[in-house]
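The structure appears below as structure tokens.
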Amino acid sequence: MQLYDPTSAGPERSLSRAAALAGLEGRTIGILENGKLNAVEMLGEVASLFVARHGCTVRAVYAKSNASAPAPAETLARAAAEVDFLITGLGD
Amino acid sequence: MPRRTNRLTERKARTMPLDVPRIHDVPDDLLAAIDYCYAQGWTDGLPVIPPVVERVGAMLAFEGRPPEAVICSHPATGLQLTVHAAAVNAVMAGCLPEYFPVLVAAFEAMDKPDFNFHGSTASTGGSAPLLIVSGSYADDIGMNADVNLFGPGNRANATIGRATRLILRNVFQMIPGISDKSTQGNPGKYSFCIAERARGNPWPLLCEAQGYPPGVSSVTAFAGGGFCNVENHGGSTPEEILGSVADAMANYGCITLGQSAVVLAPEHMRILADAGWTRQDAQSFLFVRARRSVDGMRSVGKYRQSEYDKQHDAEAHALVAPDFVHRGLSPDDILITMGGGDAGGHSCFIPSWSRGRGSLMQHKPIGVCIDCD
Numbered sequence: 000m001q002l003y004d005p006t007s008a009g010p011e012r013s014l015s016r017a018a019a020l021a022g023l024e025g026r027t028i029g030i031l032e033n034g035k036l037n038a039v040e041m042l043g044e045v046a047s048l049f050v051a052r053h054g055c056t057v058r059a060v061y062a063k064s065n066a067s068a069p070a071p072a073e074t075l076a077r078a079a080a081e082v083d084f085l086i087t088g089l090g091d
Numbered sequence: 000m001p002r003r004t005n006r007l008t009e010r011k012a013r014t015m016p017l018d019v020p021r022i023h024d025v026p027d028d029l030l031a032a033i034d035y036c037y038a039q040g041w042t043d044g045l046p047v048i049p050p051v052v053e054r055v056g057a058m059l060a061f062e063g064r065p066p067e068a069v070i071c072s073h074p075a076t077g078l079q080l081t082v083h084a085a086a087v088n089a090v091m092a093g094c095l096p097e098y099f100p101v102l103v104a105a106f107e108a109m110d111k112p113d114f115n116f117h118g119s120t121a122s123t124g125g126s127a128p129l130l131i132v133s134g135s136y137a138d139d140i141g142m143n144a145d146v147n148l149f150g151p152g153n154r155a156n157a158t159i160g161r162a163t164r165l166i167l168r169n170v171f172q173m174i175p176g177i178s179d180k181s182t183q184g185n186p187g188k189y190s191f192c193i194a195e196r197a198r199g200n201p202w203p204l205l206c207e208a209q210g211y212p213p214g215v216s217s218v219t220a221f222a223g224g225g226f227c228n229v230e231n232h233g234g235s236t237p238e239e240i241l242g243s244v245a246d247a248m249a250n251y252g253c254i255t256l257g258q259s260a261v262v263l264a265p266e267h268m269r270i271l272a273d274a275g276w277t278r279q280d281a282q283s284f285l286f287v288r289a290r291r292s293v294d295g296m297r298s299v300g301k302y303r304q305s306e307y308d309k310q311h312d313a314e315a316h317a318l319v320a321p322d323f324v325h326r327g328l329s330p331d332d333i334l335i336t337m338g339g340g341d342a343g344g345h346s347c348f349i350p351s352w353s354r355g356r357g358s359l360m361q362h363k364p365i366g367v368c369i370d371c372d
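Shown next as structure tokens:
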């Protein structure tokens, strides 16, 4: 008996990580919040640790209107141009 | 039964995926093959029909595009549903070949960006895609729009809905606990597929209201968050019947800015029809009545100023009332149709998974392609 496999092997995608920052001291931070309850507060707390420990500056807070959809490309492009690193997260 | 493919225009195949069909050679033993499917992790927990090559071929005969054509893509992972993979999973679910165009159309609908296919399948909200088949094709394949509408017993309803889940699991790898993070899920995640009842329906069918040409059937996909029975055996006016529906829609556990699906029992629908109410009348009534006060929302910790502002901004619908949060943004956010058996004052409300615009219901014609890219 021959059965077809019902799963998908998936496409081969070339993914790579951004180069790591040489250091955190004095860097600018962006926050990407997803619109969920308390997201800004929680991410802000995380950012404050970087501010206190590494002298970072929170430069911008970006928002998604839909927590379960990817951030718009223009939002990510703007963030890439404006800050050194981005803090984001998803949870309930 | 005629093969229904490409009647209006030719479909264009999308990018061919890298994936190619793979074959497993197993012993000629049906029960062992079923166990093999379990062992591979290919099932929803129930036994499947082993996807033998011959049955998949019969399924493919009901689709005009080549097997490698892509029906639907998962933006987060890049995984793609081909016609072939859909056919394999349809066989496993127990579909007959003539059901296949419904399944294909359902995934074409879910492929529209506003359905937010990833979010609605991965979320803790536990959504299941409710499929509503409208038009003559439902009758052609023997779907149930009548007694025990959402219950078991009809092969087409059961297996089209089940094939949807198997595709989400096997092709898009929405595995419970890994990429499907449903807190509790809902029973519709096994199968959630119905036909709209045409017999005795006083309103235009959904496929007509959706603007499809005469004779073209449709499937509507709605990321449903569960099922709420609305019992009302005492009401005798549209206001009384829909008042109980609106109350279900506005319960604190359900009320959000999301969309709604309401399936009226024939007994309830007759009360509306006898009073001359149209679908639009009912939608407006429900939108006005399915609401909670700001203070009430605050009392359960669900009030959010940003959501209130979204509903009451400069583009707010004329029926939006100050100091209240309505379910949805406008009457059009409420899909209403008829289904179920003749006896009983039992309608139902199905809330959207989305608490806002995170997933919007979508529809597609069945077996034909209209204004394709």
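Those protein sequence lines, which keep their order, are chains A and B. Numbering follows numbering that gives the first Met the number 0, with no gaps: position 73 of the first sequence is 72. Numbering follows numbering that gives the first Met the number 0, with no gaps: position 190 of the second sequence is 189. Glycine included, each C-beta is placed from N, C-alpha and C at the ideal position. No experiment lies behind these values; they were computed from the predicted model shown.
Given residue i as reference, the closest of the options once Cα atoms are compared
i: D28(B); options: P49(B), D322(B) and R288(B); result: P49(B)
i: A194(B); options: G160(B), P186(B), I270(B) and P175(B); result: G160(B)
i: R21(B); options: A51(A), Q1(A) and A46(A); result: Q1(A)
i: E230(B); options: P265(B), G141(B), G184(B) and A68(B); result: P265(B)
i: G34(A); options: A72(A), S67(A) and E11(A); result: S67(A)
i: P74(B); options: H117(B), G40(B), D43(B) and R64(B); result: H117(B)
i: F221(B); options: D322(B), A144(B), C253(B) and A105(B); result: A105(B)
i: K363(B); options: K180(B), F149(B), P212(B) and T158(B); result: P212(B)
i: S13(A); options: T76(B), K301(B), R290(B) and D138(B); result: T76(B)
i: G29(A); options: L89(A), V82(A) and E40(A); result: V82(A)
i: N65(A); options: Q361(B), C368(B), M360(B) and R356(B); result: R356(B)
i: P350(B); options: P66(B), Y302(B), A31(B) and A127(B); result: A127(B)
i: Q279(B); options: G340(B), D139(B) and P201(B); result: P201(B)
i: Y35(B); options: Y3(A), G90(A) and A17(A); result: Y3(A)
Spatial neighbours of residue i in its chain, beta-carbon cut-off 6 Å, leaving aside the 5 residues before and after
i: V170(B); result: L80 and A84
i: E306(B); result: L256
i: L334(B); result: A260
i: A89(B); result: M58, F99, L102 and A162
i: V45(A); result: I86
i: D110(B); result: C71
i: I240(B); result: N231, G234, H267 and I270
Test: residue i CB closer than 8 Å to a CB of chain A
i: H267(B); result: no
i: R21(B); result: yes
i: R2(B); result: Its pLDDT being 44, under 50, R2(B) is placed unreliably by the model, and the measurement read from it follows with that caveat. Judged by the 8 Å Cβ criterion, R2(B) is not in contact with chain A.
i: T76(B); result: yes
i: S229(B); result: It is worth fixing the name first, because residue 229(B) is Val in this sequence and not Ser. For V229(B), the answer is no, since every Cβ of chain A falls outside 8 Å of its Cβ.
i: A32(B); result: yes
i: N185(B); result: no
i: S216(B); result: no
i: H117(B); result: yes
i: R356(B); result: yes
i: D24(B); result: yes
i: A222(B); result: no
i: N169(B); result: yes
i: V103(B); result: no
Min CB distance residue i to chain B below 8 Å
i: T27(A); result: no
i: S15(A); result: no
i: M41(A); result: no
i: Y61(A); result: no
i: A68(A); result: yes
i: N33(A); result: no
i: N37(A); result: no
i: L75(A); result: no
i: D83(A); result: no
Beta-bridge pairing of residue i - partner residues as DSSP gives them
i: I22(B); result: Y3(A)
i: L334(B); result: A260(B)
i: A62(A); result: E32(A)
i: Q79(B); result: S72(B)
i: T182(B); result: In the DSSP output, where bridge partners are listed per residue, T182(B) has none listed.
i: F84(A); result: I28(A)
i: I193(B); result: I131(B)
i: I174(B); result: Bridge partners of I174(B): none, in fact.
i: S47(A); result: In the DSSP output, where bridge partners are listed per residue, S47(A) has none listed.
Own chain partners of residue i with C-beta closer than 7 Å, once the 5 adjacent residues on each side are dropped
i: V244(B); result: V229, V261, L285, S346 and F348
i: G402(B); result: Residue 402(B) falls outside the range modelled here, since chain B spans only 0 to 372, and no answer is possible.
i: L205(B); result: I131, S133, E195, S217, T219 and T336
i: M142(B); result: V132, N153, A155, N156 and A194
i: Q39(B); result: none
Cβ neighbour criterion (16 or more within 10 Å) applied to residue i
i: E332(B); result: The sequence given here places Asp at residue 332(B); Glu does not occur at that position. The residue in question, D332(B), is buried, as its Cβ has 16 or more Cβ neighbours within 10 Å.
i: R354(B); result: buried
i: R196(B); result: buried
i: Q183(B); result: exposed
i: V146(B); result: exposed
i: D113(B); result: exposed
i: A76(A); result: exposed
Under 7 Å from the C-beta of residue i: neighbouring residues of chain E
i: D110(B); result: Structure shown: chain E not included; protein chains present are A and B.
Contact set for residue i: own chain, Cβ-Cβ below 8 Å, skip 5 residues either direction
i: L17(B); result: Only weak support is given to the placement of L17(B): the predicted model assigns it a pLDDT of 48, under 50, and the value that follows is read from those uncertain coordinates. Excluding residues within five positions, none has a Cβ falling inside 8 Å.
i: H316(B); result: F286, L328, S329 and P330
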